[in-house]
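Residue numbers (the numbering used here): 294 to 867.
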Amino acid sequence: MDWGEDKLKPSGTLEQSSSANVGPSTALRVVKGIVPSLQNLHIQDLLPPSEQRPVARLAHGLDRALFNPGVYWLKDPRSRVYNFNPYVEEVPDVREFDFSRVSGFIKSSHDGDLQSLAKTHGAKFAGSTSSLTGMLSQIYLALSRARDPNVSVLSEAFLHEQRSFSYAQRIPVSVVLWHRDGVYSTDSYSHSSDSDKNILTWMGTMLEKFLTLSEDDFKPLMRASPSILETDSRKEAYRYAKIGNYVTRAQLDCYDPRVPGSGIFDIKTRACLPIRKDIMNWEENSGYLLKHSHGLLESFEREYYDLVRAAFLKFSFQARIGNMDGMFMAYHNTDRIFGFQYIPLEEMDERLYGNSAVGPLVFEKCMQILEATMLEIVHHFPKQNIECIFEAVPSSEKLLVWASPLDWKGEKDAKPIVELAVTLRSLVDGKIVSGEHVADKLPHAPWTVKYSIAQSSASAAVLRTRAGEALERQRLPWRLPAGVGIQQMAELWEAMDFGGGDLRASKAVFEPRRFVKPGNEIRALRRVARRGRKETEEHEQQYAGEKKVVWGELVQERAEGHLSHRVQNHAQDD
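See the structure below:
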């Protein structure tokens, strides 16, 4: 694969010094360093040791959406003309998809190629985008004091809406460092292990195949079809690269030679507002419609607004790790797809930083701060598997990291734990600048970051309490579905099986305390979804039997009928 020109070239090194019992009186150990103004971080592409499958291409003519700014409606709401094959409108039932017939996600720690490349190229750390982007996001939130993204391009409907990053974007992230032969592989980690109960976890995998395979090639992936697929032993397509002391991996979803740069882009399937906020009530919420271009509800603009605040930061880091040009969005309600949008990396940078040229600089700083932090973590627990929590401290330029051995065999209360406070200070053109103002002064002046990593001297009991509180902040509440009590929810939970018994699904434990009654906002969204369901049913009755008109295809009967009608009207006028 020709990746095209990599815009992130030649490098520098971290300047670092350490001293024990130096610095703040509350610190046992302090490491200080400088991330210099490099302007460009070197990313070295690495050839994968194993043969890979070709990168997929968009099917059903969806590639037209790659070259049109803004949203491309699947079906024009006024004329009811389809811009794409009507087949794409109806989302297959995820419970009928056979996940055993597609390759599953391979964790960094289980990827032999990633481990081999790290060893060969002398890298101490290895990780995929799924684990790296969460940590990088926390570092950026600290580095920038969680500077608000730029949503000024939206309509007046959002003038008084929140402009900060969403709460879900700001919650702590957990990872595990798996040690093997001198290399620490990073996996994302969840203490609640509930992702298999989230329909969107499974739907993303299914829809990726749905959008890149023809109808004939997709059908054999459904449970109702006999498995007649030929086994392809080649690995999924990945980009491997060396960035400093890291070997990174990014899965490559899609390719089009006309897309700038490498031609690679990612596929993101974005569920509508009530599905995301009220996931356990997804069946009722699947009636929610996207009917407008702009507005607070039932609009593509609302979905874009939420993307800026909740997803663009991780997306932008993922794109840079994978040398991708952008993201192809498919907006849906789990029942039907409403439209598509291609969002280039430059556009994400504009929304995040106000200037697309700032994105590469942010990435290089965050990657180097991550490396410095990881070096300090493994200093405390060398050659061990380590569980870590990363959390940016609100309204400060500080990141807290809690780390402890994963495989502790002794008493729980005796398990070692360290808390590291990563304090960041930005200097632009040699002058100290508060994090939220740095982007305004770039890229025309050199940007240096000074950091210190201080080990807390608090007792292990206190540190465990702090780490536990951070874990609790990860556990977002779930709303009970309409008409369901907590006992019924327990039964629904046990029966919930989107993967159809797929062996990759973990056994998620039911936690009653995470379920709450819906508040006013959620109840209002449910009403909108019910109204949308009723409207959909009425439209289906009204237009039953009507031929589906597709853009670019001449439907002769309709064209001739329309022409005949016009001729008759003219004759009457004469």
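Glycine included, C-beta positions come from ideal geometry on N, C-alpha and C.
Quick caveat: nothing in here was measured; it's all calculated off a predicted structure.
> Comparing alpha-carbon positions, which option in K724, V323 and A707 lies nearest S752?
Replying inline: For the purposes of this step, residue 752 is taken as the residue at position 459 of the sequence shown. With distances taken between Cα atoms, S752 lies closest to A707.
> Can you tell me whether DSSP reads V860 as helix, strand or coil?
Replying inline: Residue 860 sits at position 567 when you count from the first residue of the sequence shown. With a pLDDT of 43 at V860, under the threshold of 50, the modelled position of this residue cannot be trusted; read the value that follows with caution. In the structure shown, V860 sits in a helix (DSSP, three-state: H, G or I).
> Which residues mark the beginning and the end of the beta strand (DSSP E) in which K840 is found?
Replying inline: Taking the first residue of the sequence shown as position 1, residue 840 is located at position 547. That residue, K840, is in no beta strand (DSSP E); it is neither H nor E in DSSP.
>> Just to confirm the assignment: which complete alpha helix (DSSP H) runs, minimum length 4, are found wholly within the segment 430-484?
In response: 460-463
> Does DSSP put A372 in a helix, a strand or coil?
Replying inline: Reading the sequence shown from its first residue, position 79 is the one you call residue 372. Per the sequence presented here, residue 372 reads as Ser, with Ala not at that position. In the structure shown, S372 sits in coil (DSSP, three-state: anything other than H, G, I, E or B).
>> Would L663 and L436 qualify as a contact pair, given that the criterion is a beta-carbon distance under 8 Å?
In response: Counted from its first residue, the sequence shown places residue 663 at position 370. Counted from its first residue, the sequence shown places residue 436 at position 143. Not a contact, by the Cβ cut-off of 8 Å.
> Once you ignore the five residues that flank D299 on each side, which residues in its own chain have a CB closer than 8 Å to its CB?
Replying inline: Numbered from its first residue, the sequence shown carries residue 299 at position 6. Low confidence applies to D299: its pLDDT is 35, below 50, so where it sits in the model is not reliable, and the reading given next is rough at best. Answer for D299: I336, D338 and N616, listed in chain order.
> Under 8 Å, do T479 and A419 count as touching if we go by C-beta distance?
Replying inline: In the sequence shown, counting from the first residue as 1, residue 479 sits at position 186. In the sequence shown, counting from the first residue as 1, residue 419 sits at position 126. Yes, the Cβ-Cβ distance between T479 and A419 is below 8 Å.
>> Excluding the 5 residues flanking S421 on each side, which residues of the same chain have their C-beta closer than 6 Å to its C-beta?
In response: The sequence position of residue 421 within the sequence shown is 128, counting from 1. So the qualifying residues of the chain are S401 and R542.
> Looking at the structure shown, is L796 part of a helix, part of a strand, or coil, going by DSSP?
Replying inline: Start at 1 with the first residue of the sequence shown, and residue 796 comes out as number 503. Note that L796 scores a pLDDT of 47, beneath 50, so its modelled location is shaky; the value from the coordinates is reported in the next line. The answer is coil: DSSP assigns L796 none of H, G, I, E or B.
> Taking Cβ positions, are S448 and P342 nearer each other than 8 Å?
Replying inline: Here the question's residue 448 lines up with position 155 in the sequence shown. Here the question's residue 342 lines up with position 49 in the sequence shown. No, these two residues do not count as a Cβ contact at 8 Å.
> For K502, which option in E833, Q767 and F390 has the closest C-alpha, if you only look at C-alpha atoms?
Replying inline: Counted from its first residue, the sequence shown places residue 502 at position 209. The residue with the shortest Cα to Cα distance from K502 is F390.
>> Excluding the 5 residues flanking H414 on each side, which residues of the same chain have their C-beta closer than 7 Å to its C-beta?
In response: Within the sequence shown, numbered from 1, the residue matching residue 414 stands at position 121. The residues are L339, K535 and V540.
> Relative to the ligand FMN, is the shortest distance from any of its heavy atoms to the C-beta of S393 smaller than 7 Å?
Replying inline: Although the ligand FMN was asked about, the structure shown includes no ligands whatsoever.
> Under the three-state reduction of DSSP, which class applies to L321: helix, strand or coil?
Replying inline: Here residue 321 refers to the residue found at position 28 when the sequence shown is read from its first residue. Residue state, collapsed to three classes: strand.
>> Runs of 4 residues minimum, wholly inside the segment 595-644: which ones carry the alpha helix (DSSP H) assignment?
In response: 605-614
> Do C547 and S367 come within 8 Å of each other at the CB atom, strictly closer than that value?
Replying inline: Counting from 1 along the sequence shown, the entry for residue 367 is found at position 74. Counting from 1 along the sequence shown, the entry for residue 547 is found at position 254. The displayed chain sequence assigns Leu, not Ser, to residue 367. Result no, Cβ atoms of L367 and C547 do not sit closer than 8 Å.
>> I'd like the list of long-range same chain contacts for R766, defined as Cβ closer than 7 Å, with 5 residues on each side in sequence excluded.
In response: Here the question's residue 766 lines up with position 473 in the sequence shown. For R766, where only same-chain residues beyond five positions count, the Cβ hits under 7 Å are I464 and P465.
> Assuming I492 and V387 make a contact with CB atoms under 8 Å, what is their CB distance in whole Å?
Replying inline: Along the sequence shown, read from residue 1 onward, the residue named residue 492 stands at position 199. Along the sequence shown, read from residue 1 onward, the residue named residue 387 stands at position 94. Rounded, the Cβ-Cβ distance is 6 Å, consistent with contact.
> Name the DSSP beta bridge partners of V540, please?
Replying inline: Residue mapping note: residue 540 aligns to position 247 of the sequence shown, counting from 1. Answer by DSSP bridge pairing, in chain order: A419 and K535.
> What is the C-beta distance between V731 and V721, in whole angstroms, given that I count them as a contact (C-beta under 8 Å)?
Replying inline: Against the sequence shown, residue 731 aligns to sequence position 438. Against the sequence shown, residue 721 aligns to sequence position 428. That pair is a contact at about 6 Å.
>> Buried or exposed for D404, going by 16 or more other Cβ atoms inside 10 Å?
In response: Position 111 of the sequence shown holds residue 404. D404 should be labelled buried.
> Using the beta-carbon count (16 or more within 10 Å), is T758 buried or exposed?
Replying inline: Translated into positions along the sequence shown, residue 758 becomes position 465. Answer is exposed; the Cβ neighbour count stays below 16.
> Would you say Y744 and G326 are within 8 Å of each other, going by their C-beta atoms?
Replying inline: Position 451 of the sequence shown, counting from 1, holds the residue named residue 744. Position 33 of the sequence shown, counting from 1, holds the residue named residue 326. Cβ atoms of Y744 and G326: closer than 8 Å.
> Where does G776 sit, in a helix, a strand or coil, going by DSSP?
Replying inline: For the purposes of this step, residue 776 is identified with residue 483 of the sequence shown, where counting begins at 1. Looking at G776 - three-state DSSP - the assignment turns out to be coil, as it is neither helix nor strand.
> Under the DSSP definition of a beta bridge, which residues are partnered with H585?
Replying inline: Reading the sequence shown from its first residue, position 292 is the one you call residue 585. Bridge partners of H585: S592.
> I399 by DSSP, collapsed to three states: which one?
Replying inline: Along the sequence shown, one-based indexing puts residue 399 at 106. Here I399 sits in coil by DSSP.
> Secondary structure at P805, three-state DSSP: helix, strand or coil?
Replying inline: On the sequence shown, position 512 is the one that residue 805 refers to. Of the three classes helix, strand and coil, the one that applies to P805 here is helix, per DSSP.
>> Restricting to Cα atoms, I'd like to know which of K490, A564 and E839 is closest to A788.
In response: By 1-based counting over the sequence shown, the position of residue 788 is 495. Distance check between A788 and each of K490, A564 and E839 places K490 closest, using alpha-carbon atoms only.
> Exposed or buried, what is N578 when buried is set at 16 or more other beta-carbons lying within 10 Å of its beta-carbon?
Replying inline: The residue labelled residue 578 in the question sits at position 285 within the sequence shown. N578 comes out buried.
>> Please classify A247 as buried or exposed, where buried requires at least 16 other C-beta atoms within 10 Å of its C-beta.
In response: Given that the chain is displayed from residue 294 to residue 867, the structure contains no residue 247 and the question cannot be resolved.
> Is the beta carbon of A461 less than 8 Å from the beta carbon of A603?
Replying inline: For the purposes of this step, residue 461 is identified with residue 168 of the sequence shown, where counting begins at 1. For the purposes of this step, residue 603 is identified with residue 310 of the sequence shown, where counting begins at 1. Contact: yes.
> Among R644, S750, R473 and G723, which residue has its Cα nearest to the Cα of P675?
Replying inline: One-based indexing of the sequence shown puts residue 675 at position 382. The candidate whose alpha carbon is nearest that of P675 is R473.
> Could you give the distance in angstroms between the alpha-carbon of Q677 and the alpha-carbon of P739?
Replying inline: Locating residue 677 in the sequence shown gives position 384, counting from the first residue. Locating residue 739 in the sequence shown gives position 446, counting from the first residue. In a straight line, the C-alpha of Q677 is about 38 Å away from that of P739.
> Hey, how far is the Cα of S555 from the Cα of V651?
Replying inline: Position 262 of the sequence shown, counted from the start, is the residue given in the question as residue 555. Position 358 of the sequence shown, counted from the start, is the residue given in the question as residue 651. Spanning the two alpha carbons is a distance of roughly 20 Å.
>> Pop quiz: F558 and M620 are said to be a contact at Cβ under 8 Å. What is the actual Cβ separation, rounded to whole angstroms?
In response: Along the sequence shown, one-based indexing puts residue 558 at 265. Along the sequence shown, one-based indexing puts residue 620 at 327. Correct: roughly 6 Å between the Cβ atoms.
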